[in-house]
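Peer 1: Top to bottom, those sequences are chains F and X. Per the numbering used here, the first sequence starts with residue 226, numbered consecutively. Per the numbering used here, the second sequence starts with residue -4, numbered consecutively. We treat Cβ as the ideally placed atom computed from N, Cα and C, and that holds for glycine. The following block contains the structure, expressed as structure tokens.
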Amino acid sequence: MVIDTYLAHWLEKRVAHWQSVARRLRRPAQRGSDVAEAMQLVVQYRDLARDLSLARGVLPQGRLAAMLQSLFLAAHEELHRPPFFPRQQLLDLFLRDIPAVAARLRGVIAATFTLFIASALCGWLLVFNYPPLASLFASEQMIEMVRAGNLWTDNLLNVMPSSLLSLGIMTNNIVVAIFAFLLGSFYGLGTLYIIGMNGLMLGAIFAFTGEYGLAGGLFKFVVAHGVVELSVICLAGAAGVSLGEALLRPGDRGRGQAFQEAVQQGGKLLLLCALFLIGAGLIEGFVSPDDRIPLVARVVIGLGYGVLLYLAVSGRWRRLLRAPAQQ
Amino acid sequence: MDRQLDIQTADALQIQLPIAGPGGRSYAFIIDWHIRVLFVLCWILAIPLVFSPLAEWTEFFQNFNANPRWLLWLFFAPPLIVYFLYHPLLEWLMRGRTPGKRMAGVRIVTLQGHTPGVGPILIRNIFRLIDSLPAWYMLGLLTTMVTKNAVRIGDIAAGTLLVYEEKVASKTLQALAANTTGFRLNPQQWELVNELLARWKQLDSPERRALASQLLSSLGEILPVSSGGTGNDQVLYQRLLEIQQGSGGGD
């Protein structure tokens, strides 16, 4: 009976406290909340832990314990919430995190590029030696056009305006990059397939157009956007291969944990890839199909954009940004 | 088998959250899917109605490409935006929930039991492309059946899972706070009163009358004169409510 009275008294005494914590937790956290308020929450959190233990002791499956557990979890989350400085976090992501991921994946990136180039060579050799195999890589309509001495990219702007063309291309490329990354979940095999197939197609198409003397025209079309577009597909592929590697060789971590970490790291690289593909899409929609732009300008645009990608991946633009500040 | 997410806090307190299995997840997904489909259907039917007279409604579809480009954008863009951004946007804004998840009583949490941030939400949603292979989320569904935490590949990648929400929690605090005139019940009695009131409508009339009478007797209450029927039900219910809100009861 004494215990019952004590518990009833405890309940009465603590309700106002719980209400105050619930009110505090419902309020969206504000930047620059004062230290006193934060410390108050720490104290309230400890009190909640005690209350929850007591409630569980008295009624383990009860509503009171469930309510206190929910309140305790919310307070725990609020106290352990990471700081939110979006500008600084974005800067850190692009200037530090992404280059760090790329540096860690240097070997995988090199291997992916090698696979892509090897596949392109294979594709080129295949179609160069056995021209009928071009039908494996190009549609009937494309083959007919090339045989008639035209590229399918000729007069592209008469079919579709640059804006729509860009949007379509950029969406398609981003989807390919995302799939190159995601299919790494199948022990890397899906990614290797995408990289291999893209390389084969590129080589095969160049060999096929070369047979009809149109490879130069295709190069002129591709060079402005292709440097970055193909590099980015390889980078996304490298991130995908790292997923497969995490599953096959998780090291001293659990397979799930290794996979999760690989996704988080690779996801950052994929974000950069998507941003660069937006630019590549715009170039492919506005520059590549425009016959008035000479080859030299296209090469400069392609290489310039490629250098930008290199600076972003290697983290060297951080040094470039710092250099003027130090002078 | 009831699976639970066990979280050990730094204060050596163990928290258990019931994990939502394939059933709970599918239920939430189906509700969300219906919401999206309904929106898209309404939009597709509404746009031609708004921008062309009723008589020419069918012409909108018959000469589809002849419509102005801005109208085609207006026709296609919102459904596409809803289709692709429904989950990530709502999960972020509603702190791990969507309308479907809320109705199914589940929410997304991290392995630490916290609300996921933008990164994990984006990752778990991008991985839908894999989970939906080869069709109808078969791979995702299969994965939820065989994994310990009943998660799909997207959740493994993001470090998230779905747990059942304690819906009673917020109501409980309200009920406690409504107790304005001081507590005369101990926690066990208070739990019983609340439990009975919460389940009142689900119980058959004779059962709830018997339980209420028993409970009121144990609280030292003088029972209302038993006349049977719904009238007596109401009296008992009212008395329990008064006790819950602190205006009577106890010894």
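#1: When DSSP labels each residue in this structure, what does residue 460/F get in the three-state scheme?
#2: Could you tell me how far apart the beta carbons of residue 95/X and residue 150/X are, in whole angstroms, since I believe they sit closer than 8 Å?
#3: What residues of chain F sit near residue 239/X, judged by a beta carbon separation below 8 Å?
#4: Have a look at residue 212/X and residue 231/X and give me their C-alpha separation to the nearest angstrom.
#5: Please state the DSSP three-state secondary structure of residue 286/F.
#6: Can you name the residues of chain F whose CB is closer than 9 Å to the CB of residue 15/X?
#7: Put residue 74/X into one of helix, strand or coil per three-state DSSP.
#8: For residue 3/X, does the three-state DSSP call read helix, strand or coil?
#9: Less than 8 Å between CB atoms is the rule here; does residue 404/F satisfy it with respect to chain X?
#10: At a CB-CB cut-off below 7 Å, which residues of chain X make contact with residue 247/F?
#11: Can you look up residue 217/X in the DSSP assignment and give me helix, strand or coil?
#12: Going by C-alpha to C-alpha distance, which of 446/F, 405/F, 438/F, 486/F sits closest to residue 424/F?
#13: With distances taken from CA atoms, which of 453/F, 499/F, 489/F is nearest residue 528/F?
#14: How many angstroms separate the CA atom of residue 524/F from the CA atom of residue 420/F?
#15: Between the stretch 154 to 162 of chain X and the stretch 12 to 28 of chain X, do three or more beta carbon pairs fall short of 8 Å?
#16: When the Cα atoms are used, what is the spatial distance from residue 175/X to residue 297/F?
#17: Between the beta-carbon of residue 372/F and the beta-carbon of residue 412/F, is there less than 8 Å?
#18: Going residue by residue through the stretch 58 to 146 of chain X, where are the continuous alpha helix (DSSP H) segments of at least 4 residues, counting only ones entirely within it?
#19: Is DSSP giving residue 240/X helix, strand or coil here?
#20: I want to check one thing, is the minimum distance from the CB of residue 19/X to the heavy atoms of the ligand FAD below 7 Å?
#21: Would you say residue 240/F faces chain X, with C-beta separation under 8 Å as the test?
#22: At a Cβ cut of 8 Å, what residues of the stretch 279 to 290 of chain F count as close to chain X, listed as they run along the chain?
#23: Candidates 45/X, 98/X, 39/X: which alpha carbon is nearest residue 23/X's?
#24: According to DSSP, simplified to helix, strand and coil, what is residue 246/X?
#25: Could you tell me which whole alpha helix (DSSP H) segments of length 4 or greater appear in the stretch 331 to 382 of chain F?
#26: Cα separation between residue 244/F and residue 284/F?
#27: On the criterion of 16 or more Cβ atoms from any shown chain inside 10 Å, does residue 313/F qualify as buried, or is it exposed?
#28: Could you confirm whether any beta carbon from chain X is found closer than 8 Å to the beta carbon of residue 393/F?
#29: Pull the bridge partners of residue 12/X from the DSSP assignment, please.
#30: So, is residue 1/X buried or exposed, given that buried needs 16 or more other C-beta atoms within 10 angstroms?
#31: Given a threshold of 16 other Cβ atoms within 10 Å of its Cβ, counted over all protein chains shown, does residue 428/F qualify as buried or as exposed?
#32: Is the beta carbon of residue 449/F less than 8 Å from the beta carbon of residue 512/F?
#33: Report the residue ranges of all alpha helix (DSSP H) runs contained in full by the stretch 417 to 460 of chain F; include only those spanning at least 4 residues, in chain order.
#34: From this set, 111/X, 144/X, 19/X, which residue's C-alpha is nearest residue 87/X's C-alpha?
#35: Answer with yes or no whether the minimum CB distance from residue 65/X to chain F is below 8 Å.
#36: Taking the alpha-carbon of residue 240/F as reference, which of 182/X, 217/X, 198/X, 233/X has the nearest alpha-carbon?
Peer 2: So, from the listed chains and residues:
#1: If DSSP states are grouped into helix, strand and coil, residue 460/F belongs with the helices.
#2: For a cut-off of 8 Å, the C-beta gap from residue 95/X to residue 150/X is around 16 Å, too long to register as a contact.
#3: What residue 239/X touches in chain F: nothing, since even the nearest Cβ is about 12 Å away.
#4: Answer to the nearest angstrom: the Cα atoms are 11 Å apart.
#5: Note: residue 286/F maps to coil in three-state DSSP.
#6: Neighbours of residue 15/X on chain F: none; closest Cβ ~16 Å, over 9 Å.
#7: Three-state DSSP puts residue 74/X in a helix.
#8: Assignment of residue 3/X by DSSP, reduced to helix, strand and coil, places it in the strand class.
#9: Interface with chain X (8 Å Cβ-Cβ cutoff): residue 404/F is included.
#10: In chain order, 168 make up the part of chain X whose C-beta sits under 7 Å from the C-beta of residue 247/F.
#11: In this structure, residue 217/X counts as coil in the three-state DSSP scheme.
#12: Checking every option, the nearest Cα to that of residue 424/F belongs to 405/F.
#13: Checking every option, the nearest Cα to that of residue 528/F belongs to 453/F.
#14: In this model, residue 524/F and residue 420/F are separated by some 24 Å (Cα to Cα).
#15: A contact exists between the stretch 154 to 162 of chain X and the stretch 12 to 28 of chain X.
#16: Summary for residue 175/X: the model assigns pLDDT 47, below 50, so the residue's position carries little reliability, and this model does not support an answer.
#17: No, the Cβ-Cβ distance between residue 372/F and residue 412/F is not below 8 Å.
#18: You should have 64 to 88, 94 to 99, 113 to 121, 123 to 126, 133 to 141.
#19: When DSSP states are grouped into helix, strand and coil, residue 240/X belongs to the coil group.
#20: Questions concerning the ligand FAD fall outside what the structure shown contains, since it holds no ligand whatsoever.
#21: Contact of residue 240/F with chain X is assigned, a C-beta pair being separated by under 8 Å.
#22: Considering only beta carbons, the part of the stretch 279 to 290 of chain F lying closer than 8 Å to chain X consists of 280, 283, 284, 287, 288, 289, in chain order.
#23: That would be 98/X, whose Cα lies nearest to the Cα of residue 23/X.
#24: Only weak support is given to the placement of residue 246/X: the predicted model assigns it a pLDDT of 38, under 50, and the value that follows is read from those uncertain coordinates. Coil, per DSSP.
#25: Listed in chain order, the alpha helix (DSSP H) elements of length 4 or more contained wholly in the stretch 331 to 382 of chain F are 331 to 354, 365 to 372.
#26: Each residue's CA atom was taken as its position, placing residue 244/F and residue 284/F some 20 Å apart.
#27: Exposed is the call here.
#28: False, the Cβ-Cβ gap to chain X never drops below 8 Å.
#29: Answer by DSSP bridge pairing, in chain order: 0/X.
#30: By the 10 Å Cβ count, residue 1/X comes out exposed.
#31: The residue is buried, with at least 16 neighbouring Cβ atoms inside 10 Å.
#32: Yes; because the gap between Cβ atoms is below 8 Å, this pair is in contact.
#33: Within the stretch 417 to 460 of chain F, no run of alpha helix (DSSP H) at least 4 residues long lies entirely inside it.
#34: The shortest Cα separation from residue 87/X among 111/X, 144/X, 19/X belongs to 111/X.
#35: No, residue 65/X lies away from the interface with chain F (no Cβ there is under 8 Å from its Cβ).
#36: The option with the nearest alpha carbon to residue 240/F is 182/X.
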